[in-house]
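In the UniProt record's numbering, the protein residues as written are 1 to 279. Here the structure is laid out as structure tokens; the discussion comes afterwards.
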């Protein structure tokens with residue numbers, strides 16, 4: 001991404017999209033399909049389970065998504081999005097709708113292709129756990145850290161923790177729900193409070209929707225720390241923040257790896273990569 005196509009902060013990016021400074025007038029584009037995906041999973045061999053709920057919006061060939069806490073999204077949200085123009089949804093009172101609309105808009109004008117700075121990574125066929133581990137390896141490879149460094153992991157995914165262990169990296173697991181990891185490690189709930197004792201940050205895109213992302217981005221920027229995002233939420237949004245606190249993104253647009261056992265593709269971005277064509 002170049003300076004002309006990136007933004008200094010999420011709100012800056014949202015404002016530029018609303019004003020039509022990044023591409024077509026969002027008032028001229030309408031959402032054809034809106035849907036939610038709800039999932040519960042316990043991988044074979046794992047003792048813990050988790051749930052996901054994701055709002056997705058279809059704009060032409062693009063699908064933008066934002067994960068929410070299960071049960072937090074009102075049923076009316078989907079109906080409100082169908083047929084609405086993107087400009088209206090970028091001003092929606094629900095943060096999840098704004099994120100999903102911005103994600104769909106940006107993916108529509110700049111899809112995940114090498115032309116726009118994306119490095120495709122193949123995910124093989126396999127069980128849910130095999131695919132989870134393959135994605136985790138691709139994410140953790142974006143961290144450039146010496147053995148023994150400590151990573152704040154915001155949005156606990158046990159496969160990511162496992163991949164960090166295999167690299168000889170320590171971690172502090174963090175999630176708003178608290179609890180414990182697969183290895184009975186305590187999960188902290190205040191990411192910013194824990195960030196100071198960590199050398200780098202590995203953060204879920206879900207933080208865009210729950211309002212915790214910007215504080216972490218500013219911390220990484222102010223302290224010169226790597227901030228690597230793994231993004232099903234906002235997969236097309238977060239690459240626009242490269243070089244402004246975000247050092248790398250593993251972008252995973254819908255359909256996500258956990259939806260089926262077939263092969264798939266995720267897309268990695270790094271700050272400083274060359275791109276073309278974006279305005």
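Note that the Cβ used here is the ideal one computed from N, Cα and C, for glycine as well.
Member of the options whose CA lies at the smallest distance from the CA of residue i
{"i": "residue 82", "options": "32, 130 and 127", "result": "32"}
{"i": "residue 52", "options": "63, 58, 62 and 68", "result": "68"}
{"i": "residue 38", "options": "55, 30 and 25", "result": "55"}
{"i": "residue 103", "options": "187, 77, 239 and 165", "result": "239"}
{"i": "residue 28", "options": "125, 86 and 11", "result": "86"}
{"i": "residue 269", "options": "251, 20 and 258", "result": "251"}
C-alpha distance - residue i paired with residue j, whole-angstrom precision
{"i": "residue 217", "j": "residue 172", "result": "17 Å"}
{"i": "residue 111", "j": "residue 235", "result": "10 Å"}
{"i": "residue 138", "j": "residue 229", "result": "12 Å"}
{"i": "residue 7", "j": "residue 17", "result": "10 Å"}
{"i": "residue 159", "j": "residue 166", "result": "11 Å"}
{"i": "residue 248", "j": "residue 40", "result": "28 Å"}
{"i": "residue 95", "j": "residue 88", "result": "13 Å"}
{"i": "residue 164", "j": "residue 157", "result": "11 Å"}
{"i": "residue 257", "j": "residue 219", "result": "30 Å"}
Residue i - DSSP class collapsed to helix/strand/coil
{"i": "residue 108", "result": "helix"}
{"i": "residue 232", "result": "coil"}
{"i": "residue 20", "result": "coil"}
{"i": "residue 180", "result": "strand"}
{"i": "residue 115", "result": "helix"}
{"i": "residue 276", "result": "Interpretation of residue 276 is limited by its pLDDT of 42, a score under 50 that renders its predicted location unreliable; the figure taken from the coordinates is listed afterwards. DSSP places residue 276 in coil when its eight states are reduced to three."}
{"i": "residue 3", "result": "For residue 3, the predicted structure reports a pLDDT of 48, less than 50, and the residue's modelled location is therefore unreliable. A value from the coordinates is still provided. In this structure, residue 3 counts as coil in the three-state DSSP scheme."}
{"i": "residue 254", "result": "coil"}
{"i": "residue 259", "result": "helix"}
{"i": "residue 29", "result": "coil"}
{"i": "residue 126", "result": "coil"}
**Message:** Three Cβ pairs or more, each shorter than 8 Å: is that satisfied between the segment 144-156 and the segment 193-213?
**Reply:** With three or more CB-CB distances shorter than 8 Å, the segment 144-156 counts as touching the segment 193-213.
**Asked** Any chance the segment 109-120 sits against the segment 132-144, with 3 or more Cβ pairs inside 8 Å?
**Response** Contact fails between the segment 109-120 and the segment 132-144, because fewer than three Cβ pairs, one in each stretch, are under 8 Å apart.
**Request:** Spell out a yes or no on whether the segment 56-70 and the segment 182-195 are touching, meaning 3 or more CB-CB pairs, one atom from each, closer than 8 Å.
**Result:** no
**Request:** Enumerate, from N- to C-terminal direction, the unbroken alpha helix (DSSP H) stretches of 4 or more residues contained entirely within the segment 62-106.
**Result:** 76-81 and 86-90
**Prompt:** Does the count of Cβ pairs from the segment 93-105 and the segment 140-151 closer than 8 Å reach three?
**Reply:** In this structure the segment 93-105 does not touch the segment 140-151; the number of beta carbon pairs closer than 8 Å is below three.
**Prompt:** Which full runs of the beta strand (DSSP E) of 3+ residues lie inside the UniProt domain "Putative heavy-metal chelation" (139-249), going along the chain?
**Reply:** Within the UniProt domain "Putative heavy-metal chelation" (139-249), the complete beta strand (DSSP E) runs of at least 3 residues are 150-154, 170-174, 200-204 and 226-231.
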